[in-house]
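K.L.:
Read left to right, the sequence shown gives residues 1073 to 1134 (the working numbering). Using N, Cα and C, we set each Cβ at its ideal position, and we do this for glycine too. It should be emphasised that the depicted structure is a prediction, and the values quoted were computed from it without experimental measurement. Let me begin by handing over the structure; questions about it come next.
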Amino acid sequence: MTASPSRSAPLLTLAAAAARLAVSTKTLRRWIAAEQLRVHRLGRQIRIAEEDLQAFLARQRG
């Protein structure tokens, strides 16, 4: 899923998001492919907004 991030939301690299969740980047890529985790594509780069990461975590806990 691709959308433009809000201007104030910090964007995380896959490595940074993986470190925060204590999972591998391969696991993150699986979640992205399954459209469970929203990402923002900047050219060939993939970034995850902090608010999208928090929303993902809330869905997983709830």
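Let me check understanding here. Comparing Cα to Cα, which of P1082, R1110, A1094 and V1095 lies closest to R1131?
P.N.:
R1110
K.L.:
On the CB-based measure, 16 or more other CB atoms within 10 Å of its CB, does A1106 come out buried or exposed?
P.N.:
exposed
K.L.:
Go ahead and pull the three-state DSSP assignment for R1119.
P.N.:
strand
K.L.:
Tell me which residue opens and which closes the beta strand (DSSP E) that L1114 is part of.
P.N.:
H1112 to L1114
K.L.:
Alpha carbon to alpha carbon, how far is I1120 from L1083?
P.N.:
Their backbone Cα atoms lie some 5 angstroms apart in a straight line.
K.L.:
With distances taken from CA atoms, which of L1114, T1097, L1093 and Q1117 is nearest Q1126?
P.N.:
L1093
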